[in-house]
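Under our numbering, the letters of the sequence shown match residues 12 to 254, in that order. Note that the Cβ used here is the ideal one computed from N, Cα and C, for glycine as well. Data block below; observations after.
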Amino acid sequence: MTPTPSPLPAAPPIHISIDWDSFVPDLIVGLFTGLVVGAILAWTQSRAAQKRERREIELRWEALRPRVGALLLDPWDRRVMGSTLAEFARRTDNLRELIKDVPLGSWAEVLDSDELRDLHELSKAAAELHGAAPRFDGFLRHSISRYLVEDTLKADLAEWQAAHRAAELVQPYAVRALFAPTPSQQLNRHRLDIRQDSPVVQDLLAHPPVTYKEVLAMVERAEKHYAACTRIVDAAMTRFWYH
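Below is the structure:
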């Protein structure tokens with residue numbers, strides 16, 4: 012007869028005991044530790060990202076700064092104003108084109124740079140003046156034409172056309188007289204054309220176009236920010252330009 016195998020002994024029962032008294036405190040400690048570690052990691056990554064962003068902006072500004080400074084070497088003030096206000100405003104076209112896609116405001120915040128803040132304000136002021144100047148020039152030319160026409164109600168087309176042609180000749184002197192920075196700028200008046208002292212120019216000084224005060228404020232604001240931006244022009248660039 013074949014012997015019958017003995018049955019395997021039964022495994023002893025496993026009893027799982029949970030200490031519910033310490034479970035909740037341990038869970039709280041674990042969650043708190045995880046939050047602290049996560050916050051530290053997030054802060055570290057954020058700081059690293061900020062440093063990378065700052066360094067990238069510094070490099071981009073270092074590359075752009077000399078080009079901005081070179082354009083600022085060209086004087087932009089009313090002593091070299093053109094025959095119209097629009098021509099004067101266009102002197103900043105190259106600069107505005109250079110920085111038009113540059114986020115100057117955010118760069119200024121990241122680098123805490125007064126240079127970038129001033130450049131940002133100049134770009135806004137110059138754009139504002141650029142937009143308003145043609146409107147002022149139109150009002151000025153119309154004001155001169157009305158003065159030159161003897162009777163605006165009876166004048167025919169030919170008379171108005173002649174007045175507009177004459178206004179184009181007078182306009183540069185009216186612009187110069189209206190926007191002279193100070194009375195002292197009008198010294199050596201004998202060097203100016205006699206039209207500077209003409210009745211039409213004197214009348215415009217007494218009764219400037221309706222937009223005059225508006226655009227004068229724009230000119231002064233743009234000049235103020237331009238003057239502040241000249242710090243971007245360093246001594247080396249100045250020596251190169253003038254020697």
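Check                                                                                 : Outcome
Q196 (DSSP reduced to helix, strand or coil)                                          : Summary for Q196: the model assigns pLDDT 45, below 50, so the residue's position carries little reliability, and this model does not support an answer.
Nearest candidate by alpha-carbon position, reference F147, set D129, T163, L96       : L96
With 16 other Cβ atoms within 10 Å as the buried cut-off, status of T103              : buried
Proximity winner among T163, P36, A74, L122, relative to K62 (alpha-carbon distances) : L122
C-alpha gap between S195 and A177, whole angstroms                                    : For S195, the predicted structure reports a pLDDT of 46, less than 50, and the residue's modelled location is therefore unreliable. The matter cannot be settled from this model.
Alpha-carbon spacing of L70 relative to P77, whole angstroms                          : 12 Å
Residue range of the unbroken alpha helix (DSSP H) whose run includes S94             : Here S94 belongs to no alpha helix (DSSP H), and DSSP marks it neither H nor E.
Beta-carbon proximity of R242 to D167, cut-off 9 Å                                    : no
Neighbour-count burial assignment, Q182, 16 or more Cβ in a 10 Å radius               : buried
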